[in-house]
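Asker: Please find one structure pasted underneath; my questions will follow.
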């Protein structure tokens with residue numbers, strides 16, 4: 020007895036039905052479908068936590084620089100600022116360029132104005148702060164008493180994500196703005212060419 024020839028479409032339909040009825044090999048197919056999602060999830064988690072870790076390092080390093088300066092009793096010179104910049108880079112242990120500006124401000128209450136006693140910068144992003152440009156950061160400064168002094172440390176660091184996870188910028192700036200009052204000595208002198 021001869022069986023009638025089945026068409027190619029019927030053969031494919033039969034194969035698909037048998038494929039869906041079979042349960043052998045399901046785990047390997049699920050693994051092929053899930054592993055890329057699992058890998059993406061691990062890369063995304065690592066990227067997020069790495070970003071928060073770098074942000075935390077930047078902030079801790081900025082506070083450390085401000086705290087060291089707040090206890091200074093000697094004149095701050097270019098070597099001192101270079102050492103602070105190297106310390107900042109070591110504490111951040113980053114893979115990108117870092118810019119830093121340290122300024123010492125005095126507030127005059129009758130004029131309601133901040134005056135720059137001195138300002139030093141390292142890196143390529145910041146310029147020295149002057150009396151003419153201090154207004155650019157005035158809204159970020161706390162309320163100060165008359166003739167109050169303040170150390171301001173500004174740090175800018177470029178963060179590069181370890182993995183490109185498909186959204187957002189892969190490189191962006193992390194900025195920190197830290198201020199503190201001198202702790203031991205009310206006046207910290209600096210070399211104008213720092």
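Residue numbers (my numbering): 20 to 213. From the three backbone atoms N, C-alpha and C, an ideal C-beta is built for every residue, glycine too.
(1) Just to confirm the assignment, what range does the beta strand (DSSP E) spanning residue 145 have?
(2) Hey, residue 85 and residue 107: beta-carbon distance below 8 Å or not?
(3) Across the region 157 to 169 and the region 126 to 145, are there enough close Cβ pairs to call them in contact, namely three or more that are closer than 8 Å?
(4) Would the region 171 to 186 and the region 138 to 148 be scored as touching if the rule is three or more Cβ pairs under 8 Å?
(5) Could you tell me if residue 40 is buried or exposed, where buried requires 16 or more neighbouring beta carbons within 10 angstroms of its beta carbon?
(6) Closest by CA to residue 153, which one among 121, 210, 102 and 179?
(7) Based on Cα-Cα distance, which residue from 63, 50, 58 and 49 lies nearest to residue 184?
(8) Under 8 Å, with one C-beta from each stretch per pair, do the region 88 to 104 and the region 60 to 78 reach the 3-pair mark?
(9) Which runs of the beta strand (DSSP E), 3 residues or longer, sit entirely within the region 74 to 133?
(10) Among the residues of its own chain, which have a CB less than 7 Å from the CB of residue 77, if the five just before and after it don't count?
(11) Would the beta-carbon of residue 208 fall within 8 Å of that of residue 95?
(12) Is the beta carbon of residue 191 closer than 8 Å to that of residue 171?
(13) Which value, in whole angstroms, describes the spacing of the CA atoms of residue 60 and residue 67?
(14) Between which two residues does the beta strand (DSSP E) holding residue 195 run?
(15) What residue from 38, 138 and 32 has the CA that sits closest to residue 19's CA?
(16) What is the DSSP secondary structure of residue 213, reduced to helix, strand or coil?
(17) Since I believe residue 91 is in contact with residue 119 (beta carbons under 8 Å), could you give me their beta-carbon distance rounded to a whole number of angstroms?
(18) Go ahead and label residue 113 buried or exposed: buried means 16 or more other beta carbons lie within 10 angstroms of its beta carbon, across all protein chains shown.
(19) Taking the Cβ atom as the reference point for each residue, do residue 205 and residue 168 lie within a distance shorter than 8 Å?
(20) Does residue 178 come out as helix, strand or coil in the three-state DSSP assignment?
Answerer: Taking the coordinates as given:
(1) Where residue 145 is concerned, there is no enclosing beta strand (DSSP E), given that its DSSP letter is neither H nor E.
(2) no
(3) The answer is yes - the region 126 to 145 touches the region 157 to 169, with three or more Cβ pairs under 8 Å.
(4) Yes: the two stretches touch, three or more of their Cβ pairs being nearer than 8 Å.
(5) exposed
(6) 121
(7) 63
(8) These segments do not touch.
(9) 117 to 127
(10) Correct list, in chain order: 111, 174, 176, 193 and 195.
(11) yes
(12) no
(13) Distance between the alpha carbons of residue 60 and residue 67: 11 Å.
(14) 190 to 199
(15) Any answer about residue 19 is impossible in this case: the structure gives the chain only from 20 up to 213.
(16) coil
(17) So it is not a contact: roughly 16 Å between Cβ atoms.
(18) By the neighbour-count criterion, in which a residue is buried when 16 or more other Cβ atoms sit within 10 angstroms of its Cβ, residue 113 is buried.
(19) yes
(20) Strand at residue 178.
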